[in-house]
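Note sheet for the following structure.
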Amino acid sequence: MPTTKKKTTAKRTPRRVAGRPTPAPRSPKADAAPRHDDTGLDQLDPATTHATDATHFRRIIAARKKVAETEAELRDAVRDAHAEGNSWTVIGTALDTTRQAAFQRSGKA
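Just so you know, the numbering used here puts the end of the sequence shown at 110, numbered straight through with nothing missing.
Structure representation (structure tokens):
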């Protein structure tokens, strides 16, 4: 009978990036608190940190906000369509998915 080695899973250590502080671990209470600047940029020391153009950073933030707004609009549209009597089959077709997937994604909310 061949022997097999049991794979051990090690916890992954976050990669550190030179010049950037290691983020503090977040607690569940921290997630519930009002959000402020959680980018960590306010912790950078301009005297020791190389300055870069923030154009791409701003584009990423703007795109992320647009995605969140669009997802909220889609949730509202699906909710309204179902409230008006559209079936999950019709809604699934509009979402380019099955009725089951549409219900699992949106119906339980």
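Glycine included, each C-beta is placed from N, C-alpha and C at the ideal position.
Predicted model only: the values in this text are computed from it and were never measured.
Report task. Taking only the alpha-carbon atoms, compute the straight-line gap between residue 82 and residue 65 and give it to the nearest angstrom. Result -> Answer to the nearest angstrom: the Cα atoms are 26 Å apart.
Report task. Could you tell me if residue 103 is buried or exposed, where buried requires 16 or more neighbouring beta carbons within 10 angstroms of its beta carbon? Result -> Here residue 103 is buried, its C-beta having at least 16 other C-beta atoms within 10 Å.
Query raised in the report: Which class does residue 108 belong to by DSSP, given the choice of helix, strand or coil?
Result: Residue state, collapsed to three classes: helix.
Query raised in the report: In whole angstroms, what separates the C-alpha of residue 88 from that of residue 79?
Result: Computed Cα separation, rounded: 10 Å.
Report task. Let me know the secondary structure DSSP gives residue 50 once reduced to three states. Result -> Residue 50: coil per DSSP, three-state reduction.
Query raised in the report: Which residues mark the beginning and the end of the alpha helix (DSSP H) in which residue 97 is found?
Result: Where residue 97 is concerned, there is no enclosing alpha helix (DSSP H), given that its DSSP letter is neither H nor E.
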